[in-house]
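> One line per chain: the protein sequences are A and B, in this order. Numbered according to the working numbering, the first sequence terminates at residue 810, and the numbering increases by one at each position without gaps. Numbered according to the working numbering, the second sequence terminates at residue 1145, and the numbering increases by one at each position without gaps. Got a structure here, written out as structure tokens. Questions coming.
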Amino acid sequence: MYLSLNWVKKWLKLPNGLSAEQLALDFTMSTVEVEKIIQQAKNLENIVVGRVEEITKHPQADKLEVCRVDVGDSSLQIVCGGTNLSKGMLVAVAKVGAKVKWHGEGELVVLTKAKIRGVESYGMIAAASEIGLVDLFPSQSDHEILDLSAFNLKVGQNLSQALELDDTIIDIENKSINHRPDLWGQYGLARELAAIYKINLKPYSRLPIKPQSKDLALKVTVEDTANCYRYMAVGLKNIKIEDSPWWLKKSLEAVGIRPINNIVDVTNYVMYELGQPLHAFDARQIDRQHIFVKGAKKGESFVTLDGKKRKLPEGALMISDQNKYIALAGIMGGQNSEIASDTSQIIIESANFKASSIRRTSMDLGLRTESSARFEKALDPVLAELALQKAVEIIIALNPGAIAASEVIDVSHSPYIVKIIEVSEALINQRFGSPIPTKEIKDILKRLQFGVNHRAGKFVIQVPSWRATKDISIAEDIVEEVARIYGYDNIAPTLPTVVLHEPSYDIASSTARDLRTYLAYAQSYTEVYTYAFTDVGWVPKLGLKLADHIKVKNAVSPEQSYMNLSLLPNLLKKAEENMRWYDHFKIFELQRVFDKNSKGTYHIDQQKNKFLPRQPMMLAGVELSRVSGEEAFLSAKGLIESLRDYFNIDWQSEKIDLPYAALAYQIKYQDLALGEFGILDSKLFDSGPNKVMVAWWQLSFETLLKYINENKSYSALAKFPVIKRDMSIIVGQSVAWQDIESEIYKVSPLIKHLEPFDVFIGEAIGHGKRSIAYHLEFRSEERTLASDEIDDLMKKIISNLQKKFKADLR
Amino acid sequence: MDKKLNELKARLQAELRSVQDSEVLAQIKNKYLGRKGELTNILKEVKNLAAEEKPRLGKLANDIKFELQSLLDKTEKIVSKPSGAGVDFDPTMPGSRREEGHLHPITLVQRDVEEAFAQLGFGIYDGPQLESEFYNFSALNIPADHPARETQDTFWLENHNLLRTHTSNLQVRMLEKYGAPFRGIFPGRVFRYESTDASHDHTFYQLEGLMVDKDISMANLIAVMKSLLSAVFRTKVDVRLRPGFFPFVEPGFELDIKCLVCGGNGCSVCKQSGWVELMPCGMVHPEVLKFGNVDPSVYSGFAFGLGLTRLVMMKYKIDDIRLLESGDLRFLRQF
């Protein structure tokens, strides 16, 4: 939305010496964010009015002329190719230093003195498109220069001054005034400025409409009264379609609208002045001048004035005559009834439609216009009347002989009533955090044109109609109005004084935080974040089915349309990508996954009987290396053992068969599966000639949280010494260490610790055999052990191992 | 002369750093402190100085002479030790470091922010990312036809569920669960249906905060934000509020901080304005309190939404948001 300072000066006088920058800042601090400031004159610097005095042929070029141009203080030689050049013509001369767009395209460039085919040229005789004025001066061909002869201009004058294109425009971000229907017109913006600067605002002036005949028997029937709050219309005759006068054109130019003709321009002008969209129909095209407002039926279509045939959503609010639709209400007129060059009778519509109805149709059709943008903000129905009166006033002024030739129709079904809000002074002071003088509150509200009554510590406030449609409805809204004009900067910061309450301890977030740190800094894992959308390539490789994944209806791409059911597809994808850079790495992620097939604990609404899908927090890791399968597996196993100590949960691992794994174990606690780990089938990785080993692990963080045991107690330090011995045995290769270990521990409770330190397989010890060497530690809680006691235990161990596993001492 | 003396000291220090044997050391000693050495020459100039300058510069020159002497002595001791006594390896080889893991930059920044809030008694909570229309919109005073739904481009799932567009989805859930008074933050992942480029991603991280108690005011909001942001940025931060519209707060604000790069004078980071838009915030709308079963005539509060991803990008000067979820270890190993 553009705020034109020249425009608002119709109603107020801004403080002396107020710069555009300061105004933009004040507006940002009190009302809405300003995007940028546009100075019209800035782009027309060094461009002046000139008169062509002499034209001679360019000696080297057929299509160019060499001109002498009087620019007031001097006469310049300029090479020009304009097809409409003539002696005595008033033209726009871009002097050296001016910014122009070559042939109306590309970036602005600064003009320098140039030699064109051997002839010096001191500037340029500009085409409208070259100096950004093509909307105001549309040209027939690209080679036409801007002819200003029709204007009464002084040679040498700056063009911006001569054409009064010297406005300052404040560009306001549209999104930030979505909630302020009153700020979609210049008058509403002026009202805001008047409140901020404590200056007078002239009332909005317009003339009542005086019908002079009833030649146009205008009738309006509103069928859909739920969506059409007010419909006003009037017919005018003796209209002559022409170009608009300069003042109207330049006002539209300032707010970025292209002038069209003296009727359409007036409807646009009033829309930009008041925020109220208007529409003008060619009265010839409306059967018996009877207008209906009704909902579209299923399957109908309509050609809008941009020439596009549109399929109408059922119930879309339409303007029609007895036989056909003539406009898409509040969005765009129809091609069948638009103003033509020979139009002489018109019907002007000024209506108020329900915001959500317009918004829905506009969204369904993907058609957003200046009109729909305003209606969907919930406009004040009072504006319909002001706007119609203003439009008729201007049209009659521009068309001598034009008269209102019908009754002024006004069908009203407005749901709005006068809004009164009671606000206690105490509430305002409480929300501010310190007392604000009563007078100040009253003064601010009055400046914003609220009706204010104050008695017994309470304000009774009447909301002006333009703020009452949705923007202001509760006491807190009044607090905001007072505070923003008072200035948030004027509120002194004070830390709250509150009653201490018992700390609530959220084990999930503190555990997550510590666990991440532990994995990174103690276990050398690097944390990765991946998207919630699963890698569809890895899903089938891991035996998962896409059908079990939650699908995104409006995905950004087909590859990102399923939600993670497991963290592994994305982690493995990232591992694959990193293989290009690294031979060995460990990565992990702690994040939620989404389970389509099971119900979670979060309810969907306050009925509390329906639940969102389960979205458990999972922890998963991948280690990629170029080592043996044994090393890769033991590394993952080691991590799982460390985590077992970390969480202090006495879980067990059990070998399972997974189709995608070369070796896999399930982690179980009291028959509950917590996760799994193992090494992947190496065929799943396309790793090139050098084989990689990929170990993975994953744990249900959510389940772990239930069993974490934070009760740790210390064990007394040993009072008696440990005795260490080593032993080396040879067993069959199929004998598992786990079995040997438990057999040894069975021998005596004095055996406290066992640790293998060397494994050997080779011809020296025989085919199919394995030698294992390990440390043993013996200790008693009651006494110092004697050496022969240990010798006996060693013998017993060997004999048991021989019996059980046919082991030999090495 | 001050400058000359200090320069001399700096030069000597630099030269001493690379000295390996006593012969070189002797040369250096002579060059600076010898009878025709540089310091000696400067000292000679002292007598030519104006009388009022003499005492001060004389003292400075002597102090520096003493300093240089002790520097030389120290170096001499190191150099004169019989080389490599008891050491049969090359100590200049790089140290052996154990393999290190790295936390994600968002985790790192989130930890800092959490710590600051925890000190003011804010609890840290988590909740669903896959959310219902009710908690993401309706409970935040954004009914079905509200244009604000449109400005938050949403990923839709089946059964009117969606991927939360903001961490504000937890406001009402937390009030339902814990009631008032309440003080908490909810960091986490949020989603917007939009195409990605260097500065936009469909996935990013926010940190929502909510404080509800008796008599909470705008003055409180400003003060709490000011203290917390100062703690987060580890420097005194100036904040300003300006109007901003969000249906779940009333009044609603945009909070700007005075640009930390230029100190408010205007630079490219703050687009010459001196201020950087940091977070939307406001006083909790009474409808939201009601949805959370909190009586708005007794309690009031404030809420804010800090863009964690944005903070991370500011802190580490990351110019491409997509790096954060790239999983690229060349990036992650820098943190």
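Even glycine gets a Cβ: it sits at the ideal position worked out from N, Cα and C.
Apply the 10 Å Cβ neighbour rule to A/TYR714 and answer buried if 16 or more other Cβ atoms are within range, or exposed otherwise.
As a working mapping, residue 714 of chain A is identified with position 714 in the first sequence. Label assigned to A/TYR714: exposed.
> By the 10 Å Cβ neighbour count, where 16 or more other Cβ atoms means buried, how is B/VAL1079 classified, buried or exposed?
In the second sequence, residue 1079 of chain B corresponds to position 269, counting from 1. Exposed, because fewer than 16 other Cβ atoms sit within 10 Å of the Cβ of B/VAL1079.
> What are the boundary residues of the beta strand (DSSP E) that includes A/THR168?
Here residue 168 of chain A corresponds to residue number 168 of the first sequence, with the count starting at 1. 168-172 is the span of the beta strand (DSSP E), which, as asked, contains A/THR168.
> From the DSSP output, in three-state form, read off A/ALA632 for me.
Position 632 of the first sequence, counting from 1, holds the residue named residue 632 of chain A. A/ALA632: helix per DSSP, three-state reduction.
> By how many angstroms is the C-alpha of A/LEU705 removed from the C-alpha of B/LEU1017?
One-based indexing of the second sequence puts residue 1017 of chain B at position 207. One-based indexing of the first sequence puts residue 705 of chain A at position 705. Going by the C-alpha atoms only, they are around 23 Å apart.
> So, is the C-beta of B/HIS914 closer than 9 Å to a C-beta in chain A?
Position 104 of the second sequence, counting from 1, holds the residue named residue 914 of chain B. Yes, because at least one Cβ of chain A sits closer than 9 Å to the Cβ of B/HIS914.
> Report the three-state DSSP secondary structure of A/PHE302 (helix, strand or coil).
Residue numbering aside, residue 302 of chain A sits at position 302 when the first sequence is read from its first letter. DSSP places A/PHE302 in strand when its eight states are reduced to three.
> Within the 9 Å Cβ cut-off, does A/GLN140 reach chain B?
On the first sequence, position 140 is the one that residue 140 of chain A refers to. It does not; no Cβ of chain B falls within 9 Å.
> Could you run through the stretch 1016-1034 of chain B and flag, in chain order, every residue whose CB is less than 9 Å away from some CB of chain A?
From the stretch 1016-1034 of chain B, only MET1021, ASP1023, LYS1024, ASP1025, ILE1026, SER1027, MET1028, ALA1029, ASN1030, LEU1031, ILE1032, ALA1033 and VAL1034 have a Cβ closer than 9 Å to chain A.
> Exposed or buried, what is B/MET903 when buried is set at 16 or more other beta-carbons lying within 10 Å of its beta-carbon?
The residue labelled residue 903 of chain B in the question sits at position 93 within the second sequence. By the 10 Å Cβ count, B/MET903 comes out exposed.
> Run through chain B and tell me which residues come within less than 7 Å of A/VAL692, C-beta to C-beta.
For the purposes of this step, residue 692 of chain A is taken as residue 692 along the first sequence, with counting starting at 1. Under the 7 Å cutoff, chain B gives no residues; its nearest Cβ is about 15 Å from A/VAL692.
> Report the start-end ranges of each beta strand (DSSP E) in the stretch 233-297 of chain A that is 3 residues or longer and not cut off at the edges.
Entirely contained in the stretch 233-297 of chain A, the beta strand (DSSP E) runs reaching 3 residues are, in chain order, 278-282 and 290-295.
> Taking DSSP's pairing of strands, which residues face A/SER504 in a bridge?
Translated into positions along the first sequence, residue 504 of chain A becomes position 504. Paired residue(s): none; A/SER504 is not in a bridge.
> What residues in its chain sit with their C-beta under 7 Å from that of B/LEU835, if we drop five residues either side in the sequence?
The residue labelled residue 835 of chain B in the question sits at position 25 within the second sequence. Excluding residues within five positions, the ones whose Cβ falls inside 7 Å are VAL829, THR885, GLU886 and VAL889.
> Taking all protein chains shown into account, decide if A/ARG431 is buried (16 or more other Cβ within 10 angstroms of its Cβ) or exposed.
Counting from 1 along the first sequence, the entry for residue 431 of chain A is found at position 431. Buried, since its Cβ has 16 or more Cβ neighbours within 10 Å.
> What does the alpha-carbon distance come out to for the pair A/ALA532 and B/PHE1112?
Translated into positions along the first sequence, residue 532 of chain A becomes position 532. Translated into positions along the second sequence, residue 1112 of chain B becomes position 302. Going from the Cα of A/ALA532 to the Cα of B/PHE1112 covers about 30 Å.
> Could I get the ranges of all uninterrupted alpha helix (DSSP H) runs contained in the stretch 368-429 of chain A, with 4 residues as the minimum, in chain order?
Listed in chain order, the complete alpha helix (DSSP H) runs (minimum 4 residues) inside the stretch 368-429 of chain A are 370-375 and 382-398.
> Using a Cβ cut-off of 9 Å (strictly closer), state whether A/ASP528 contacts chain B.
Here residue 528 of chain A refers to the residue found at position 528 when the first sequence is read from its first residue. Correcting the residue identity first, residue 528 of chain A is Val in this sequence and not Asp. Yes - at least one Cβ of chain B is within 9 Å of the one on A/VAL528.
> Measuring straight from C-alpha to C-alpha, what distance separates A/ILE348 and A/LEU278?
Taking the first sequence and counting its residues from 1, one reaches residue 348 of chain A at position 348. Taking the first sequence and counting its residues from 1, one reaches residue 278 of chain A at position 278. Going by the C-alpha atoms only, they are around 7 Å apart.
> Between the stretch 430-460 of chain A and chain B, which residues of the former have CB atoms less than 7 Å from a CB of the latter, in chain order?
So the close ones are GLN430, ARG431, PHE432, GLY433 and SER434.
> Could you check the C-alpha separation between A/ALA662 and A/LYS655 for me, to the nearest Å?
Translated into positions along the first sequence, residue 662 of chain A becomes position 662. Translated into positions along the first sequence, residue 655 of chain A becomes position 655. Distance between the alpha carbons of A/ALA662 and A/LYS655 is about 11 Å.
> Would you mind telling me which residues of chain B sit closer than 8 Å to A/VAL220, beta carbon to beta carbon, in chain order?
Translated into the one-based positions of the first sequence, residue 220 of chain A becomes position 220. None at all; the shortest Cβ gap to chain B is about 27 Å.
> Note the first and the last residue of the continuous beta strand (DSSP E) segment covering A/VAL731.
As a working mapping, residue 731 of chain A is identified with position 731 in the first sequence. Per DSSP, A/VAL731 belongs to the beta strand (DSSP E) from 723-732.
> Which residues, in order along the stretch 529-557 of chain A, keep a beta-carbon less than 8 Å from a beta-carbon of chain B?
Flagged, chain order: TYR529, THR530, TYR531, ALA532, ILE550, LYS551, VAL552, LYS553, ASN554, ALA555 and VAL556.
> Excluding five sequence neighbours on each side, which residues of the same chain lie with their C-beta closer than 7 Å to the C-beta of B/VAL1042?
The residue you call residue 1042 of chain B lines up with position 232 of the second sequence. Cβ within range, chain order: ASP922, VAL923 and ALA926.
> Which term fits A/ASN262, buried or exposed, when burial requires 16 or more other beta carbons within 10 angstroms of its beta carbon?
By one-based count along the first sequence, residue 262 of chain A stands at place 262. A/ASN262 comes out buried.
> Under a CB-based cut-off of 9 Å, is B/LEU1088 close to chain C?
Any reference to chain C falls outside this structure, whose protein chains are A and B.
> Indicate whether at least one CB of chain A lies closer than 9 Å to the CB of B/GLY933.
By one-based count along the second sequence, residue 933 of chain B stands at place 123. By this cut-off, B/GLY933 is an interface position.
> Can you tell which of B/LYS1046, B/ILE1032 and B/PRO1096 has the C-alpha that lies nearest to the C-alpha of B/GLY1074?
Along the second sequence, one-based indexing puts residue 1074 of chain B at 264. For B/GLY1074, the nearest C-alpha among the options comes from B/LYS1046.
> Are the C-beta atoms of B/LEU1054 and some chain A residue less than 9 Å apart?
In the second sequence, counting from the first residue as 1, residue 1054 of chain B sits at position 244. With the sequence shown as reference, residue 1054 of chain B is identified as Gly, and Leu is not the correct amino acid for it. By this cut-off, B/GLY1054 is an interface position.
> Could you name the residues that DSSP lists as bridge partners for A/GLU777?
To locate residue 777 of chain A, count along the first sequence from 1; it is residue 777. According to DSSP, A/GLU777 bridges with A/LYS724 and A/HIS753.
> Please confirm if the stretch 1006-1017 of chain B is in contact with the stretch 942-953 of chain B, defined as three or more CB-CB distances below 8 Å between the two stretches.
The stretch 1006-1017 of chain B, when compared against the stretch 942-953 of chain B, does not touch it at the 8 Å Cβ threshold.
> Please compile the residues from chain A whose C-beta is within a distance smaller than 9 Å of the C-beta of B/GLU1135.
Against the second sequence, residue 1135 of chain B aligns to sequence position 325. Near B/GLU1135 (Cβ distances below 9 Å), the residues of chain A are VAL528, TYR529, THR530 and TYR531.
> Specify whether the stretch 153-162 of chain A and the stretch 1025-1040 of chain B touch according to this definition: at least 3 beta carbon pairs, one from each stretch, less than 8 Å apart.
They do not touch, by the three-pair rule.
> Whole angstroms is fine: what's the gap from B/SER1056's alpha carbon to B/ALA958's?
Walking along the second sequence from the start, residue 1056 of chain B turns up at place 246. Walking along the second sequence from the start, residue 958 of chain B turns up at place 148. Reading off the sequence shown, one finds Phe at residue 1056 of chain B, where the question assumed Ser. Distance between the alpha carbons of B/PHE1056 and B/ALA958: 8 Å.
> From the DSSP output, in three-state form, read off A/ALA24 for me.
Numbered from its first residue, the first sequence carries residue 24 of chain A at position 24. Reduced to three states, the DSSP call for A/ALA24 is helix.
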